[in-house]
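Quick note on the UniProt record's numbering: the sequence shown kicks off at 1 and runs consecutively. Positions of the beta carbon are idealized from the N, C-alpha and C atoms, including for glycine. The structure displayed is predicted, hence computed values, not measured ones. The structure under discussion appears below in the form of structure tokens.
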Amino acid sequence: MVNWSEHLNKKISCKCGHDHECDIAHVDIGYNVIEKLTEYVKVEKHKSICIIADKNTIKVAGKKVYEALKKAGVDYSEFVFQDDELIPNEFNIGRIFTHIPYDCDFIIAVGSGVINDMTRFVSQKLKCPYIIIATAPSMDGYASAVSPLIVDDMKQTYEKLGFPWAIIGDVDILKNAPEHMITSGTGDVFGKYVCLVEWKFSHIVNDEYYCPSIVEIMYNAVNKTAKAADNGIAQRDPEAIISVMEGLVWAGTGISYCGNSRPASGCEHQMAHFWEMMFLQKGHHDILHGTLVGIATIAALYIYKEAMALLQHETDFTKKPFDKAVWENKIKEVYGPAADGVLKLEKTVNKNRDDKSAYRMKNVLAHKAEIIEISKALPDVNVMIKRMQKIHEPYLPQHVGISHELLRNALVYAKELRNRYGVLQMLFDCGKLEEVADKVCTQLEQMS
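Here's what the structure looks like:
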């Protein structure tokens with residue numbers, strides 16, 4: 001298991017020229033680690049503790065949390081959501097602010113993605129620390145300083161909110177999480193194969209900051225998770241579950257070291273966020289983020305295969321001029337009530353402007369051999385599919401009800417969610433995005 005004290009709450013000088021830091025006091029992943037809560041509460045001597053949970057997470061972890069607080073001899077209040085499907089939106093964040101005590105100086109969040117994301121936001125607003133008691137190894141946001149929230153019907157990432165004071169992952173709780181939550185976390189980790197290549201890609205084309213040390217850390221984490229998927233996750237082996245949880249925490253730590261989400265998020269996350277937004281607009285809340293990332297990872301592997309073949313064999317990369325008016329109308333059609341945020345982003349950064357596309361493609365073609373070479377770090381798609389099949393993880397869009405329209409729109413328009421360079425923007429820049437999207441849609445939809 002990882003000795004987290006070597007990596008957290010200190011400045012680490014790096015060969016990349018940056019100092020890396022992740023201001024989390026404690027990460028405890030293992031057996032009976034909720035007992036650490038007693039010690040932490042005693043040492044910090046907080047006067048007004050509030051537990052935030054939902055009706056499901058309090059059932060699986062509440063008893064251990066209550067016993068730890070009883071041993072510490074402290075009083076606490078709690079707010080437990082009773083919703084069947086809890087959405088991380090402004091309404092539910094407002095409910096926390098309504099119910100939390102005015103003098104709250106310490107929050108104990110019990111849950112996974114939604115509870116953690118909302119509590120981080122509230123914690124930052126109140127300027128009080130929080131601990132997350134993880135109830136499932138389901139997503140990579142535990143150690144992050146960002147919260148993806150649904151605001152004004154659009155998935156928005158709030159950055160630089162701050163870290164949890166501590167992360168506690170008790171393997172006896174984690175290994176008994178619902179299977180779809182375990183596989184969701186695994187899918188979230190698998191997405192790092194794509195985003196790490198995208199980061200290097202952008203470094204070559206846009207001279208974006210890049211840290212080989214962070215990349216090495218992330219590859220170690222994702223490879224360890226892949227090994228656990230090959231042997232142990234399906235059987236809920238405790239050590240395999242620990243590997244998944246550690247991989248998820250490493251993702252957040254990598255984000256902290258980097259200063260943004262590059263080490264953990266690429267086109268696979270853009271597609272996943274797009275599908276989440278579209279499902280939410282239709283009232284569907286039951287597909288986990290990491291599950292969508294896993295499906296998008298398989299799609300991204302096919303996209304990269306087609307994109308690298310184009311780079312290797314195509315000679316004509318002339319594209320039609322960018323028609324902003326036509327594009328804006330299509331964005332309104334595709335994104336619906338979330339279109340305003342997408343249009344505002346393009347108005348601010350102009351990433352699709354012809355001169356910017358031409359500049360990037362000039363750099364791509366100048367470094368074509370190097371880009372093709374770095375793409376070889378991507379895993380074989382058939383190996384990944386077999387790995388995901390072994391743990392009963394969805395890997396095709398049709399497994400979760402993603403229609404042809406939603407699939408194609410994600411391949412073509414998900415890149416508009418962020419000003420982040422990757423393979424989808426490259427294909428747009430050379431006028432081949434829709435052509436490749438159609439090919440990949442056909443390949444994915446012909447699979448069973």
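Item: Cys-14, DSSP secondary structure in three states; Value: coil
Item: Option in Ala-53, Thr-318, Gly-73, Leu-444 with minimal Cα separation from Ala-358; Value: Thr-318
Item: Which of helix, strand or coil DSSP assigns to Met-278; Value: helix
Item: Sub-8 Å separation of Gly-94 and Ala-134 beta-carbons; Value: no
Item: Rounded C-alpha distance that separates Asn-409 from Asp-152; Value: 21 Å
Item: Alpha carbon of Ser-147 to alpha carbon of Lys-362, nearest angstrom; Value: 35 Å
Item: Beta-carbon proximity check, Ala-221 vs Val-189, cutoff 8 Å; Value: yes
Item: Where Glu-78 falls: helix, strand or coil (DSSP); Value: strand
Item: Three-state secondary structure assigned by DSSP to Met-447; Value: coil
Item: Contact test: Lys-42 Cβ vs the ligand FMN heavy atom, cutoff 7 Å; Value: As presented, the structure is devoid of all ligands, the ligand FMN included, so that no description of it is given.
Item: C-beta contact flag for Val-74 and Val-43 at 8 Å; Value: no
Item: Rounded distance between the beta-carbons of Met-245 and Ala-414, thought under 8 Å; Value: The Cβ separation is near 28 Å, so there is no contact.
Item: Residues that DSSP places opposite Gln-156 in a beta bridge; Value: Leu-149
Item: Where the alpha helix (DSSP H) containing Gly-252 begins and where it ends; Value: 238–258
Item: CA nearest to the CA of residue 449, picked from Leu-280, Ile-374, Ala-377, Lys-376; Value: Because the chain here runs from 1 to 448, residue 449 falls outside it and cannot be looked at.
Item: Terminal residues of the alpha helix (DSSP H) in which Val-114 lies; Value: 113–126
Item: Residue nearest to Asp-354 in terms of C-alpha spacing, selected from Cys-195, Gly-431, Ile-173; Value: Gly-431
Item: CA nearest to the CA of Tyr-102, picked from Ile-87, Lys-125, Asn-89, Asp-117; Value: Lys-125
Item: Spatial distance of Gly-247 from His-289 (CA atoms); Value: 16 Å
Item: Gly-30 to Asn-9 span [Cα, whole Å]; Value: 20 Å
Item: Alpha-carbon spacing of Ala-296 relative to Tyr-395, whole angstroms; Value: 8 Å
Item: Contact between the stretch 30–39 and the stretch 80–95 (3+ Cβ pairs under 8 Å); Value: no
Item: Rounded Cβ spacing between Cys-50 and Glu-78 (contact assumed at less than 8 Å); Value: 7 Å
Item: Ala-134: first and last residue of the uninterrupted alpha helix (DSSP H) it sits in; Value: It is not in any alpha helix (DSSP H) - Ala-134 instead sits in the beta strand (DSSP E) that spans 130–134.
Item: Touch test, the stretch 108–118 against the stretch 53–69, Cβ-Cβ under 8 Å, three pairs minimum; Value: yes
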